[in-house]
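Enquirer: Below is the structure I would like to discuss, written out as structure tokens.
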Amino acid sequence: TAKSIDKDEWFHTGDLGVLDEKGYLRVTGRLKEMIISGGLNIDPAEVEHLIAQNPNLAGVQIVGIPDHRMGEVVMAFVKLREGVECKEKDIIDFCIDKISKYKIPKHVKFLDQFPVTAYGKVQKFKLRDMAVEELGLTK
Numbered sequence: 001t002a003k004s005i006d007k008d009e010w011f012h013t014g015d016l017g018v019l020d021e022k023g024y025l026r027v028t029g030r031l032k033e034m035i036i037s038g039g040l041n042i043d044p045a046e047v048e049h050l051i052a053q054n055p056n057l058a059g060v061q062i063v064g065i066p067d068h069r070m071g072e073v074v075m076a077f078v079k080l081r082e083g084v085e086c087k088e089k090d091i092i093d094f095c096i097d098k099i100s101k102y103k104i105p106k107h108v109k110f111l112d113q114f115p116v117t118a119y120g121k122v123q124k125f126k127l128r129d130m131a132v133e134e135l136g137l138t139k
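Take 1 as the starting number for the sequence shown in UniProt numbering and just add one per residue.
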């Protein structure tokens, strides 16, 4: 908690957000979830918003995973709509020309459900750990 309060006594929550035209703040993510790839910041919520527009998907979660060259790269975990078939390439191709190349997922994993807390919040750290283990990466 002491690290969250700066010298001017501002409390830094780590939340990211945007102000709308009426001055309302909309929380869009967490600073801790920010992906840093090759020195560039990637907001997972931005990539999730884009990929969620794919009509074949029932859900998407974006996490950063370790990469020896870039520091981190984007990985997408997706849930397909019932009865739909989709491949990793389909998800990646959906992103091309819609988002900067460095924000396009380098890996895609299909899941039937996302790990969630008792309150229904997705546990992104579990997704990240799953990716590290399955891809044989080191943290």
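All C-beta atoms in this analysis are idealised placements derived from N, C-alpha and C, irrespective of residue type, glycine included.
Residue range of the beta strand (DSSP E) that residue 42 falls in?
Expert: Its beta strand (DSSP E) spans residues 40 to 42.
Enquirer: Would you kindly report the start and end of the unbroken alpha helix (DSSP H) that includes residue 135?
Expert: Here the alpha helix (DSSP H) through residue 135 covers 124 to 135.
Enquirer: One question on the structure: do residue 73 and residue 106 come within less than 7 Å of each other, judged by their Cβ atoms?
Expert: Yes. Within cutoff.
Enquirer: Put residue 109 into one of helix, strand or coil per three-state DSSP.
Expert: Strand at residue 109.
Enquirer: How many angstroms separate the CA atom of residue 20 from the CA atom of residue 47?
Expert: One C-alpha to the other measures close to 20 Å.
Enquirer: How is residue 99 classed by DSSP in three states: helix, strand or coil?
Expert: Residue state, collapsed to three classes: coil.
Enquirer: As a quick exercise: from 91, 68, 57, 70, pick the residue whose alpha carbon is nearest that of residue 113.
Expert: Ranking 91, 68, 57, 70 by Cα distance to residue 113 puts 57 first.
Enquirer: Sort 126, 94, 41, 136 by Cα distance to residue 53 and report the nearest one.
Expert: It is 94 whose Cα lies nearest to the Cα of residue 53.
Enquirer: Taking buried to mean at least 16 other C-beta atoms within 10 Å of its own C-beta, is residue 124 buried or exposed?
Expert: Counting Cβ neighbours within 10 Å, residue 124 comes out buried, since at least 16 surround it.
Enquirer: Would you call the CB atoms of residue 65 and residue 44 closer than 7 Å?
Expert: Not a contact, by the Cβ cut-off of 7 Å.
Enquirer: Go to residue 67, then tell me how far its beta strand (DSSP E) extends in each direction, as first and last residue.
Expert: Residue 67 -> beta strand (DSSP E) spans 57 to 67.
Enquirer: What's the gap between the Cα of residue 68 and the Cα of residue 80?
Expert: Going from the Cα of residue 68 to the Cα of residue 80 covers about 30 Å.
Enquirer: Taking residue 38 as the reference, give the member of 119, 104, 71, 91 with the closest Cα.
Expert: Here the closest residue by C-alpha is 71.
Enquirer: Throw me the rounded Cβ distance for the residue 98 and residue 50 pair, which I believe falls under 8 Å.
Expert: Between residue 50 and residue 98 the Cβ distance is about 6 Å, and since that is below 8 Å, they are a contact.
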